[in-house]
Amino acid sequence: MFVPMNIQTRPEIERQREILDRRALTQALKDAVAGSRDAHADTAAVGAILREHLALGRAEITRRFEADPRAAESGRRLARETSFMIDQLIRAIYDFTTTQLYPLANPSEAEKIALVAVGGYGRAELAPYSDIDLLFLLPYKLTAHCEQVVEYILYRLWDLGLKVGQSARSIDECLTRAKGDLTILTSLLEARYLWGEQALFDKFRKRFHKECVAGQGEAFYQAKLNERKVRHEKFGPSRYALEPNIKEGKGGLRDLQTLRWIGRFLYNAETTDKLVAEGVLTRDAAHRFDKAEAYLWLLRCHLHFLRERGEDKLTFDIQLEIARRLGYRDHAGNNAVERLMKHYFLTAKSVGELTRFFCTAVEAQHVKRSFIRLPSIGLRKRELEGFGIDGGRLSVPNAKHFDKHPLDLLRIFRVAQKHDLDIQPMTFTWIADKAKLIDKAYRENPEANAIFMKILTSRSKGPETAARRMNEAGVFGRFVPDFGRVVAQMQFDMYHHFTVDE
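Following this line, the structure appears as structure tokens:
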């Protein structure tokens, strides 16, 4: 079962407490100013205590990671533990600020604050050098007392060298901004109570879901897909670039996070078990989601440690060291770094397949036909050249269809090419599963070769889309074995920019 990073088991919580003991830190801060006439004068002592506890926490997290740097869950575990450490640190600073520096015996409603983790921090996902997204949630506008508290907390965090993305807003301001800004809406979707006035946070969450989420599923879905398209254009439209951005690039972590955002917005789903129950992921797809995310997080954490900064581009100079750290070895025909990158490209390919499957299931359940830009032929017909039409996409009734009609493994791509249609994701999955039917006899079949040549020589419809789809399904590599041997294969030199098959 995939468990998101903000949901931990009891043994894991106990293990995390060994990283940073909030109560001990709070007491140490209190002792540092005990007997002082002016607690503000002991800034140096307070800063030293905070730096010591942060350094010890980071050292423990790093020790645990380096003790098992190849384990599949090491990256995600580090992200959870780093988030936990920052949680404890901020809570201790808040308690010190509100009890020792700016205490109020009976704060008014206007002087209450809720500390809220948002964005990646809200998901409890912090890579070693990630930014910390923090919201100071207010009931009304910022009062003088609240401003003092907010400023002191931020100064302490900045003094520790932490990169903090921060805002101080009332509930009304949060909702207004969320309605007009997709980035803010998404960030608040993942808001997590951190410390302070929990009733204020609960009020915000209730209003947020009522005013910003309810009834907005279609608009959010389309907006996130458009956002993904723009991001892919910025970071490169191919998932097979030899120096990929493993977070923002096509097939990277952000694509998986996009699916999670949509799932949370439409289904209030925090686990893939919930998405399986809702029918938008199969058990197998949920497992592949989990596996892909774990691998990408493992790569990202190694990359951050090696660069000593928040770097997410897997450049040539760093690939060699990461391949060594992860235990890849030279094999006949492939060196260690080429094997590392092949693993990455196959993972990115899996992310693309998950996205295709997930989006089709969501569209079938939630998105009105007016929102889906499908060819008109898909809306008027239920059958085309022997294939079904499902939501404007070519389909077959079940996987056994290809056992009875193996030539359709190729022909469906030709029909899709002729009519500018996509292939229904479940059907695409069945094609990939049945690609093994393409054997020597199949490759020598004149009819199969005729279909293949029509795809490649079409004058009215270029072959690139069809060929790319066949490659994604594994059909191209089965039909042309020499091509199959170079799928996701890279050449580790500065003169190439994409995998061999790309």
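Residue 862 is where the sequence shown starts when you use my numbering, and the numbers rise one by one after that.
All C-beta atoms, glycine included, are put in the ideal place defined by N, C-alpha and C.
Remember, predicted model here, so these are calculated numbers, not experimental data.
E986 (DSSP reduced to helix, strand or coil)
For the purposes of this step, residue 986 is identified with residue 125 of the sequence shown, where counting begins at 1. Coil at E986, not helix or strand.
What are the start and end residues of each continuous alpha helix (DSSP H) run of 4 or more residues lying completely inside the region 1123-1177, in chain order?
1133-1138, 1144-1168
Using C-beta distances below 6 Å, list every residue in its chain close to Q1028, excluding the 5 sequence neighbours before and after it, in chain order.
For the purposes of this step, residue 1028 is taken as the residue at position 167 of the sequence shown. Reading off the sequence shown, one finds Ser at residue 1028, where the question assumed Gln. The residues are L996.
Using the three-state DSSP reduction, which class does L1282 fall into: helix, strand or coil?
Numbered from 1 along the sequence shown, position 421 holds the residue referred to as residue 1282. In the structure shown, L1282 sits in coil (DSSP, three-state: anything other than H, G, I, E or B).
Where the alpha helix (DSSP H) containing F1359 begins and where it ends
On the sequence shown, position 498 is the one that residue 1359 refers to. No alpha helix (DSSP H) holds F1359; DSSP gives it neither H nor E.
Check the DSSP bridge columns for I1250 and list the partner residues they point to.
Translated into positions along the sequence shown, residue 1250 becomes position 389. I1250 is bridged to L1255.
Within its chain, find whatever has a CB closer than 8 Å to the CB of T1290; leave out the 5 residues flanking it on each side and keep chain order.
If you number the sequence shown from 1, residue 1290 lands on position 429. E1214, F1218, listed in sequence order.
To the nearest angstrom, how far is the alpha carbon of Q1226 from that of P968?
The sequence position of residue 1226 within the sequence shown is 365, counting from 1. The sequence position of residue 968 within the sequence shown is 107, counting from 1. About 48 Å.
CA nearest to the CA of D1281, picked from R925, D992, R1330
On the sequence shown, position 420 is the one that residue 1281 refers to. When only C-alpha atoms are compared, the closest one is R1330.
Whole-angstrom distance between T1208 and T1216, CA atom to CA atom
Here residue 1216 corresponds to residue number 355 of the sequence shown, with the count starting at 1. Here residue 1208 corresponds to residue number 347 of the sequence shown, with the count starting at 1. Near 12 Å, if we compare the C-alpha coordinates of T1208 and T1216.
Selection from V1010, E1325, T958, G1112 that minimises the alpha carbon distance to L1157
Here residue 1157 refers to the residue found at position 296 when the sequence shown is read from its first residue. The residue with the shortest Cα to Cα distance from L1157 is G1112.
Between the region 944-958 and the region 876-884, do at least 3 Cβ pairs fall closer than 8 Å?
yes
Among A988, A975, L1050, which residue has its Cα nearest to the Cα of T1119?
Here residue 1119 corresponds to residue number 258 of the sequence shown, with the count starting at 1. Among A988, A975, L1050, the Cα nearest to that of T1119 is on L1050.
R1230 in three-state terms, based on DSSP
The residue given as residue 1230 occupies position 369 in the sequence shown. Because the pLDDT of R1230 is 45, which lies under 50, any placement of that residue in the model is unreliable, and the number read from its coordinates should be weighed accordingly. The answer is helix: DSSP assigns R1230 an H, G or I state.
What's the gap between the Cα of E1199 and the Cα of R931?
Counted from its first residue, the sequence shown places residue 1199 at position 338. Counted from its first residue, the sequence shown places residue 931 at position 70. So the two alpha carbons sit approximately 17 Å from each other.
Residues in the same chain with beta-carbon distance under 8 Å from L1395, minus the five sequence neighbours each way, listed in chain order, please.
The structure shown has nothing for residue 1395, since the chain only spans 862 to 1363.
Exposed or buried, which one is Y1013 when buried takes at least 16 other CB atoms within 10 Å?
Walking along the sequence shown from the start, residue 1013 turns up at place 152. With 16 or more Cβ atoms within 10 Å of its Cβ, Y1013 is classed as buried.
Through-space distance from A988 to R876, alpha-carbon basis:
As a position in the sequence shown, residue 876 is number 15, starting the count at 1. As a position in the sequence shown, residue 988 is number 127, starting the count at 1. The alpha-carbon atoms of R876 and A988 are separated by roughly 18 Å.
Under 9 Å between C-beta atoms of L1181 and H1163:
In the sequence shown, the residue the question calls residue 1181 occupies position 320. In the sequence shown, the residue the question calls residue 1163 occupies position 302. Cβ atoms of L1181 and H1163: not closer than 9 Å.
For K1203 versus E1104, is the C-beta distance shorter than 9 Å?
Working through the sequence shown from its first residue, we reach residue 1203 at position 342. Working through the sequence shown from its first residue, we reach residue 1104 at position 243. Their beta carbons are not under 9 Å apart, which means K1203 does not touch E1104 by this criterion.
Excluding the five sequence neighbours on either side, which residues of its own chain have a C-beta within less than 6 Å of the C-beta of Y982, listed in chain order?
In the sequence shown, counting from the first residue as 1, residue 982 sits at position 121. I993, D994, listed in sequence order.
Specify the secondary structure class of R1243 as computed by DSSP and reduced to three states.
The residue labelled residue 1243 in the question sits at position 382 within the sequence shown. The answer is coil: DSSP assigns R1243 none of H, G, I, E or B.
On the DSSP bridge list, what partners appear for G1026?
The residue given as residue 1026 occupies position 165 in the sequence shown. Answer by DSSP bridge pairing, in chain order: D994.
Could you check whether P1000 and L1061 sit closer than 9 Å to each other, using their CB atoms as the reference points?
Within the sequence shown, numbered from 1, the residue matching residue 1061 stands at position 200. Within the sequence shown, numbered from 1, the residue matching residue 1000 stands at position 139. Against a cut-off of 9 Å, the Cβ pair of P1000 and L1061 comes out as a contact.
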